[in-house]
Amino acid sequence: MSGFSFNKENEEKFQALLQRYPNKASLCLPSLWMIQYQEGWISQEAMVYLAQKLDTTPMEIQSIASFYTMFNLKPIGKYHIQLCKTLSCMLNGSENIRDYLIKKLGIKPGETSKDGKFTLSLVECLGSCGTAPVIQLNDDYIQNVTIEKLDEILDGLK
7 MSGFSFNKEN
17 EEKFQALLQR
27 YPNKASLCLP
37 SLWMIQYQEG
47 WISQEAMVYL
57 AQKLDTTPME
67 IQSIASFYTM
77 FNLKPIGKYH
87 IQLCKTLSCM
97 LNGSENIRDY
107 LIKKLGIKPG
117 ETSKDGKFTL
127 SLVECLGSCG
137 TAPVIQLNDD
147 YIQNVTIEKL
157 DEILDGLK
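Here our numbering is used: the first residue of the sequence shown is 7, the next is one more, and so on.
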């Protein structure tokens, strides 16, 4: 086995899912979510571990994990800011929000701040075009984002 393993709670969840879905391939996505919530990201060691549990190859797990943009394949900051970069958000000022975040946080998209607090990502549509521009801060959506609103939120996180 690799250096990663599920914690007790996630192992129990995995076993329960295994009873519910006897085809182990069906457990890949929920297991990747469990790994990400446990560790904050999905390491190569975790993929090897999961491949062994699902009787598949690490390459198969890697191909699935890398296909979905919601999975983090490198460590991220405590606060993951995902800014929508598609048309509706862009037309409503997401580029100004992006430029402001780059300046305020001192990082470029795809980077994590030196203190490990913030990761900035540009993502495809977050599915809230009617309330653009939109960011996802960890698991929370923030709609109709303005620089003032963003300042208030970010200052509250520090």
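Backbone N, C-alpha and C define an ideal beta-carbon position, used for all residues, glycine too. Predicted model only: the values in this text are computed from it and were never measured.
- Counting the other CB atoms within 10 Å of its CB gives G112 a total below 16, which places it among the exposed residues.
- In the DSSP annotation of this structure, S119 is not part of any alpha helix (DSSP H), being labelled neither H nor E.
- Listed in chain order, the beta strand (DSSP E) runs fully inside the region 23-109 are 85-90, counting runs of at least 3 residues.
- Pairing I103 with Y85, the inter-Cα distance amounts to about 16 Å.
- For I141, the closest alpha carbon among the candidates T92, K109, K123 is that of T92.
- Distance between S72 and K80, taken at the CA atoms: about 11 Å.
- Residues Q44 of the same chain have their beta carbon placed closer than 8 Å to that of N13, with the five preceding and five following residues left out of the count.
- Inclusion of F10 and A52 in the CB contact set at 7 Å is warranted, their separation being smaller than that value.
- For the set L38, M40, V129, the Cα lying nearest the Cα of I87 is the one of V129.
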